[in-house]
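So the structure is just underneath, and the comments pick up after that.
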Amino acid sequence: MTSLATVAAQGADLVAPAAPDGVFSLVWLLIALPLAGAAILLVVGRRADRWGHLLGTLMPVASFIIALVMFAQLLGRPDEQRSVVQHLYDWMVVGTFRIPIAFQLDQLSMTFVLLITGVGSLIHIYSIGYMRGDPGRVRFFGELNLFVAAMLLLVLADNYLLLYFGWEGVGLASYLLIGFWFAKPVAAVAGNKAFVMNRVGDMGMSIAVMLLFVTFGAVGFGDVFAAVPQADETTLTWIGLALLFGACAKSAQFPLQAWLLDAMEGPTPVSALIHAATMVTAGVYLVARSNPIFDAAPAAATAVVVVGAITLLMGAIIGCAKDDIKKSLAGSTMSQIGYMVLAAGLGPVGYAFALFHLLTHGFFKATLFLGAGSVMHGMRDEVDMRRYGALRTVMMLTFVGFGAAYLAILGIPPFSGFFSKDKIIEAAFSQGIVIGLVTLVGAGITAFYMTRMIIMTFFGKARWDDDQHPHESPPVMTVPILVLALASTVGGIALAWNSSIESWLAPVVGFSEPHLAIPNWGLSLITLVVVLVGAFLGWAQYGRAPVPVTAPRGAWPTRAARADLYGDALNESLFMRPGQWLTRVLVFVENRLVDGLVNGTAATIGGISGRTRRWQTGFVRSYALSMLGGVVLVGATFLLVRL
Amino acid sequence: MNPENYLVLSTVLFSLGAVGVLVRRNAIVVFMCVELMLNACNLAFVTFARMHGTLDGQVIAFFVMVVAAAEVVVGLAIVMTIFRTRRSASVDEANLLKY
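Protein sequences, first through last, are from chains E and V. The first sequence begins at 49 in our numbering and counts up one residue at a time. The second sequence begins at 18 in our numbering and counts up one residue at a time.
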């Protein structure tokens, strides 16, 4: 613990990275494998129907195995040698400015690589069962591999430009997979919406990269972070805000949160992998990776906290009202990522816990989504929870997995969420009573909507139609659920044991112990009471009386939450409609003013020529007369000038 | 003998030719009037050459003759073709090339 505190005091150390020797010379292979899988599957297409899903699953599994070997090697090294940079080649060289294709494997990216490839592999396996019989299964696996490759590029990049490349890559994969069933108009529109809103955030990202280049003359992590102490705080604040804006879009944070709920139109494994466990956490990664910038710009860090707090409550409230199981989970994802963003904004007291919660959330939210997918699979793609009920007996394994994840997200000890969320609440209270209360209330609301979800789905009376025949999913789907459920159960205690996650991450993101006025166990107890109250309220509302099959009208908060707290309405009235007016004005100006000028000129010249061409009468003698007249004129002029 | 008389003659011939071109309709006659104008010019050239005692004007007169001969070849061919297609040598009727 003492070593931890010393590291904490000085924040993240900047240590020279180690050379990529031994197994670390294979860092590039982590990305290359899924990329090759994507290339093969997308090129070969349906001819690979019989083996495409196997190849698509093999690639992330192979990456995961390599990552595990690397992780074991890193564990065996002392702290300061745990950062490895592999330089492949120079991507672009302009004078002294060079952008290398180089991968940085350190504690932070290692954590992400393990999460992406581990959870990714399980979800690939699950997809074999979930997508069985879908004509586009090979395309699905190809695009899923593309996502894994892009996400690995994002977390392994050693400079902001390469990170941006991966950032765009995951955006593309997300767009392709949300609109996977593009024949459904609603899915195609949802894909477009996600893409457009991410473009808005990418604007912030690109501005941030440009600002970094202008300020520091470099975009490599090492160069930038070494130069941060000499930089002007205002500039750093702007860079931080621009980065935050990019992170908001990717992580579905307020004010760019509206796309995530529609993104649930994609296949459920996509929702589990991209829109719950990995891609949406890229914003948290970005803030944690840029920790020297945010540490040096307190105003930007405060903005991060505010964004996280708002989204945390918004997502939780939306999750309470949605009847679509996936949308309710999407609200929950927003809320949980709000927790992570909030924690990341708290500075060194929060980074490690943000990433800790990111890991446990990756486990339990993936379990919840895969569980929801398993329910949908057995219910012919019915997503309305009011049409579920009493499924615990027919889907025993799914229920067990879902239940474990339920206890984990609530934060019931000893499930994983208890350790991670409790730490975030502690860190929040140590920084201010208001944000502390926000996280505490959020935990209560989380308990409410999750209790509502699990009661409506698995308990009570069966409310499905007579021609529904719910059944348990095949083992290829239930086994990944159970493995992830196991991770959700023991993952927290394993990582929290002896503060291992904090000391593992401290060299990269720094760490300082949160100091509270009351003992830690007291706060844990209060949190637990709030969670139990939330769960009890959920039971009181949905467990005691039968759930109506058609949704009641509800009070205004319910209706507001069903309408995504008017996020779409806000975007439409603030941006879409003024945008449309602007285009109309521009079209008017274009048609009347610009075109009028151009067309008017052309018409004038045309009219003049129409009149003057009448002079060409075709009579030779009149031409001769004009020639004579001309000659006389010229001759007369010469004579006059002479005189 | 006063050279100015030759210049007066040249002017008269040129004016005759010009008026002929303007007022006559028959292509052959117009053509002949053009020749008249050219030869009026030749006369003026030769006169000036004589007056200045140089050979320049005479040389140019030869050039004009050569050009006129070539022009006659082309011009008469055109006139013949027009006559064949339109059964008339009137320059007023050959007025298709217009607005």
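Using N, Cα and C, we set each Cβ at its ideal position, and we do this for glycine too. All values derive from a computational prediction rather than experimental measurement.
Within a Cβ cutoff of 7 Å, which residues of the same chain sit near residue i, ignoring the five residues on either side of it in sequence?
i        : result
Leu455/E : Phe463
Gly59/E  : Any reading at Gly59/E must be qualified, since the residue scores a pLDDT of 42, below 50, and its modelled position is unreliable; the value itself is stated next. Asp343, Pro396 and Gly558.
Val355/E : Leu292, Cys296, Gln301, Phe302 and Val389
Leu211/E : Leu202 and Ala205
Gly268/E : Asp206 and Asn207
Asp371/E : Asp432, Met433, Arg434 and Ala599
Using only alpha-carbon positions, find the residue among the options that is nearest to residue i.
i        : options                                   : result
Met179/E : Val244/E, Pro522/E, Val646/E and Gly683/E : Pro522/E
Ile385/E : Met327/E, Arg434/E and Pro396/E           : Met327/E
Val142/E : Met525/E, Gly265/E and Glu191/E           : Gly265/E
Leu220/E : Asp250/E, Ala231/E and Asn207/E           : Asp250/E
Pro346/E : Thr285/E, Ile366/E, Phe496/E and Ile373/E : Thr285/E
Pro600/E : Phe667/E, Ser536/E and Ala369/E           : Ala369/E
Glu550/E : Lys471/E, Gly331/E and Ala325/E           : Lys471/E
Leu33/V  : Glu21/V, Val46/V and Met82/V              : Val46/V
Thr159/E : Ala400/E, Leu192/E, Ala476/E and Glu638/E : Ala400/E
Thr441/E : Arg130/E, Gly426/E, Phe404/E and Ala672/E : Gly426/E
Phe450/E : Ser175/E, Leu116/E, Phe417/E and Leu488/E : Phe417/E
His693/E : Leu224/E, Arg187/E, Glu474/E and Ala611/E : Given a span of 49 to 691 for chain E in the structure shown, any question on residue 693/E remains unanswerable.
Met424/E : Phe412/E, His409/E and Phe447/E           : Phe447/E
Leu394/E : Ala325/E, Ser319/E, Ile481/E and Leu361/E : Ile481/E
Arg428/E : Glu520/E, Ala325/E and Leu458/E           : Glu520/E
Pro596/E : Thr505/E, Trp545/E and Val635/E           : Thr505/E
For residue i, I'd like the list of residues in its chain whose CB is within less than 8 Å of its CB, leaving aside the five on either flank, ordered along the chain.
i        : result
Trp76/E  : Gln134, Leu136 and Phe151
Ile460/E : Phe466, Leu576 and Val579
Gly70/E  : Gln121
Phe112/E : Leu162, Thr165, Gly166, Gly168 and Ser169
Ala290/E : Gly252, Met253, Ile255, Ala256 and Leu259
Gly490/E : Leu360, Leu361, Ala364, Ser383, Gly386 and Tyr387
Applying the criterion that 16 or more other CB atoms from any shown protein chain within 10 Å of the CB defines a buried residue, is residue i buried or exposed?
i        : result
Pro126/E : exposed
Met651/E : Checking the displayed sequence, the identity of residue 651/E turns out to be Ala instead of Met. Classification of Ala651/E: exposed, given that the 10 Å Cβ count is below 16.
Thr329/E : buried
Ser51/E  : In this prediction, Ser51/E has a pLDDT of 41, which is less than 50 and means its spatial position is unreliable; what the coordinates show is noted afterwards. Per the 10 Å Cβ criterion, exposed.
Gln278/E : exposed
Ala57/E  : Confidence is the limiting factor: at Ala57/E the pLDDT is only 38, short of 50, which leaves the residue's position unreliable and the question unanswerable from this model.
Trp569/E : exposed
Ser338/E : buried
Ala542/E : exposed
Gly379/E : buried
Arg185/E : buried
Asp61/E  : Low local confidence applies: a pLDDT of 47 at Asp61/E is under 50, so the model's placement there is unreliable, and no value is given.
Gly288/E : buried
Ser169/E : buried
Ile653/E : exposed
Pro14/E  : The structure shown does not extend to residue 14/E, since chain E is modelled only from 49 through 691, so no value can be given for it.
Gln664/E : exposed
Glu191/E : buried
Enumerate in chain order the residues of its own chain whose CB-to-CB distance from residue i is below 6 Å, with the five nearest sequence positions on each side excluded.
i        : result
Ala85/V  : Leu55
Met49/E  : Caution is warranted here: a pLDDT of 36 is assigned to Met49/E, below 50, making its placement in the model unreliable, and the coordinate value is therefore given only provisionally. There are no such residues.
Phe31/V  : Met54 and Ala57
Ala53/E  : Model confidence at Ala53/E stands at a pLDDT of 40, short of 50, so the residue's coordinates are unreliable and nothing is read from them.
Gly367/E : Ser376, Gly379, Ser380 and Tyr497
Ile373/E : Ala420, Val431 and Met433
Gly437/E : Gly508, Lys509, Ala510 and Arg511
Val486/E : Ala357
Gly591/E : Ile503
Please tell me whether residue i and residue j are closer than 9 Å, where the distance is taken between their beta carbons.
i        : j        : result
Val557/E : Pro315/E : no
Met433/E : Met501/E : yes
Ala336/E : Leu156/E : yes
Ser536/E : Thr415/E : yes
Thr105/E : Phe189/E : yes
Val90/V  : Phe62/V  : no
Leu83/E  : Met118/E : no
Gly85/E  : Pro108/E : yes
Phe412/E : Leu304/E : no
Examine the Cβ distances between the segment 97-110 of chain V and the segment 55-70 of chain V and report whether three or more of them are shorter than 8 Å. Short answer: they don't touch.
Is it the case that the segment 188-201 of chain E contacts the segment 64-84 of chain E, given that we only count it when at least three CB pairs across the two stretches are under 8 Å? Segments in contact, yes.
Touching or not, the segment 610-617 of chain E and the segment 513-530 of chain E, by the rule of three or more beta carbon pairs under 8 Å? The segment 610-617 of chain E makes no contact with the segment 513-530 of chain E; the number of CB pairs closer than 8 Å stays below 3.
At a cut of 8 Å, does the segment 156-169 of chain E reach the segment 558-568 of chain E through at least three beta carbon pairs? Between the segment 156-169 of chain E and the segment 558-568 of chain E there are fewer than three C-beta pairs closer than 8 Å, too few to call the two in contact.
Using 8 Å as the threshold, is the segment 106-113 of chain V in touch with the segment 40-55 of chain V, meaning 3 or more CB pairs across them? These segments touch.
Would you check if the segment 619-631 of chain E and the segment 58-76 of chain V touch, i.e. whether three or more CB-CB distances between them fall below 8 Å? They do not touch, by the three-pair rule.
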